[in-house]
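Down below is the structure, laid out as structure tokens.
Numbering (this note's numbering), first residue to last: 54 to 217.
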């Protein structure tokens, strides 16, 4: 009789252990998938316009930095209007003095030239691949030019590009 109770207790303990092991395995799988998703998300470049400058009334340039500091490859830079032309773009840094303090901006420098001197508005789009080989597309807020001068440069500074 005692052995029956002992066997029953052992069976109940085994069932409870099996249920706990199953729950534990399920939670570990969820945690692994969550960590994988978070890691993949951390490999996506996050672009921010860190500095704008009007060179003259014929051209302006933007410094777009990858604030996530992960590898990325830029395949194409497109502007949505025929009234603006991307003169050139390259990775570099800019030294400037702001309110008597030297600053340095690193990133993608893009020189934009308006074709006509009238008002024009366009969105800049960056297409490329992240470090995992996934394609990404990011857009700026609209760039507004009037008489060949970038009018919303202050508004653009420190804004993040929108992911599509």
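We put the beta carbon where it would ideally sit given N, CA and C, even for glycine. Computed from a predicted structure; not experimentally measured.
On the three-state DSSP scale, how would you describe residue i?
i	result
residue 101	strand
residue 135	coil
residue 212	strand
residue 111	coil
residue 176	coil
residue 181	strand
residue 205	coil
residue 196	strand
residue 83	helix
residue 116	strand
Can you tell me which of the options puts its alpha carbon nearest to the alpha carbon of residue i?
i	options	result
residue 168	78, 79, 199, 189	199
residue 191	74, 125, 66	125
residue 98	121, 188, 216, 73	121
residue 158	205, 119, 66	119
residue 217	202, 65, 143, 194	194
residue 215	179, 204, 205	179
residue 100	189, 203, 204, 197	189
residue 181	140, 129, 173	129
residue 213	204, 83, 177	177
residue 144	152, 151, 127	127
For residue i, count the other beta carbons within 10 Å of its own beta carbon; 16 or more makes it buried, fewer makes it exposed. Which is it?
i	result
residue 175	buried
residue 113	buried
residue 207	exposed
residue 160	buried
residue 163	buried
residue 94	exposed
residue 131	exposed
residue 102	buried
residue 165	buried
residue 80	exposed
residue 137	buried
residue 196	buried
Given residue i, which residues of its chain have a CB within under 8 Å of its CB, disregarding the five upstream and five downstream residues?
i	result
residue 155	148, 149
residue 186	none
residue 135	168
residue 123	95, 96, 97, 98, 183, 184
residue 210	102, 103, 104, 105
residue 69	none
So, at 6 Å on beta carbons, what are the nonlocal neighbours of residue i in its own chain, with the 5 sequence-adjacent residues on each side left out?
i	result
residue 104	116, 158
residue 172	199
Practice item. Only counting runs of 4 or more residues, tell me where the alpha helix (DSSP H) segments fall wholly within the segment 118-165, in order along the chain. Key: none
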